[in-house]
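Quick notes on the structure that follows.
Have a look at this one:
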């Protein structure tokens, strides 16, 4: 069943739930629980939203019965620890890759998923000090594409229950400006070229999730750096 437009804000949490269905059903359960609670606040009155949320409730009830012996489902304290540890694990992995300047799709996705799971932690109440500090670090030092992905969520297609195909092309960039500036004698340092490559990698990673807004923004940053020598 397609996600109603009114509930678009929960599409990424539902996608994360689907991705973890086999490898970590506890993550799937709490992502769907967060999506249901948030969806109820967004729109529980229009027929299409009510129908979608009822189906989501049924999924949760089924999962709860299937996982009746799992302490992470029956005991909120255990469930909270499970989701928090998983979010921290993803964040630390991505942060280490970022510090080592190893920029790749899995690093971007790990940052992004950890952020979604920090949203999910709200179903248990107030966030712990450790998670609160981690959220603040994402605000201050996360990769540009991750920050933009959060800002450009509206550019993602509605959740349909199907996996998103890998992007096959990148947005066209007007290279005439680049050529003109290069002829004007802009001097670029090796560090400038490295930064431009990084922005292009971020754009490529964003396209894996069909996030056109983020891809364009990072390509524009790369183009500006190459044409002016400034970020």
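In full-length UniProt numbering, the protein residues as written are 1 to 231. Ideal Cβ positions, reconstructed from N, Cα and C, are used throughout, including at glycine.
Using the Cβ count rule (16 or more neighbours within 10 Å means buried), how would you classify residue i?
i	result
residue 231	exposed
residue 191	exposed
residue 219	buried
residue 32	buried
residue 126	exposed
residue 54	exposed
residue 95	buried
residue 51	exposed
residue 179	Per-residue confidence for residue 179 stands at a pLDDT of 48, beneath the threshold of 50, marking its modelled position as unreliable; no derived number is given.
Pull up the distance between the alpha-carbon of residue i and that of residue j, whole angstroms please.
i	j	result
residue 177	residue 104	Confidence at residue 177 is low in this model, with a pLDDT of 45, below 50, so the placement of that residue should be treated as unreliable; the coordinate-derived value is given next. Looking at the two C-alpha atoms, the distance is approximately 28 Å.
residue 77	residue 124	8 Å
residue 193	residue 99	18 Å
residue 61	residue 223	50 Å
residue 86	residue 1	29 Å
residue 65	residue 73	10 Å
residue 199	residue 186	19 Å
residue 146	residue 119	Its pLDDT being 47, under 50, residue 146 is placed unreliably by the model, and the measurement read from it follows with that caveat. Whole-angstrom Cα-Cα distance: 15 Å.
residue 82	residue 75	11 Å
residue 40	residue 189	52 Å
residue 226	residue 102	22 Å
residue 213	residue 204	12 Å
residue 67	residue 24	12 Å
residue 22	residue 221	38 Å
residue 117	residue 93	15 Å
residue 84	residue 228	43 Å
residue 16	residue 3	14 Å
Just to check my reading of the structure: residue i and residue j have Cβ atoms closer than 8 Å, yes? What is that Cβ distance to the nearest angstrom?
i	j	result
residue 27	residue 79	That pair is no contact at about 10 Å.
residue 34	residue 122	7 Å
residue 88	residue 113	Contact doesn't hold; Cβ gap of about 12 Å is too wide.
Leaving out five residues before and five after residue i in sequence, what residues of the same chain have Cβ atoms less than 8 Å from its Cβ?
i	result
residue 257	Residue numbering for the chain in the displayed model covers 1 to 231; residue 257 lies beyond these limits and cannot be assessed.
residue 173	Unreliable placement is indicated for residue 173, whose pLDDT of 43 sits below 50; the coordinate value is still reported in the next sentence. Excluding sequence neighbours, residue 173 sits near 219 and 223.
Excluding five sequence neighbours on each side, which residues of the same chain lie with their C-beta closer than 6 Å to the C-beta of residue i?
i	result
residue 46	none
residue 97	107
residue 201	103
residue 38	10
residue 19	none
Residues in its own chain within less than 7 Å of residue i by CB, not counting five upstream and five downstream?
i	result
residue 110	90, 93 and 94
Verify the CB distance criterion: does residue i have a CB-CB separation below 8 Å to chain C?
i	result
residue 30	Absent from the structure is chain C; it holds one protein chain and no more.
Taking only runs of the beta strand (DSSP E) that begin and end inside the UniProt domain "Vta1/callose synthase N-terminal" (10-139), which ones reach a length of at least 3 residues, in chain order?
none
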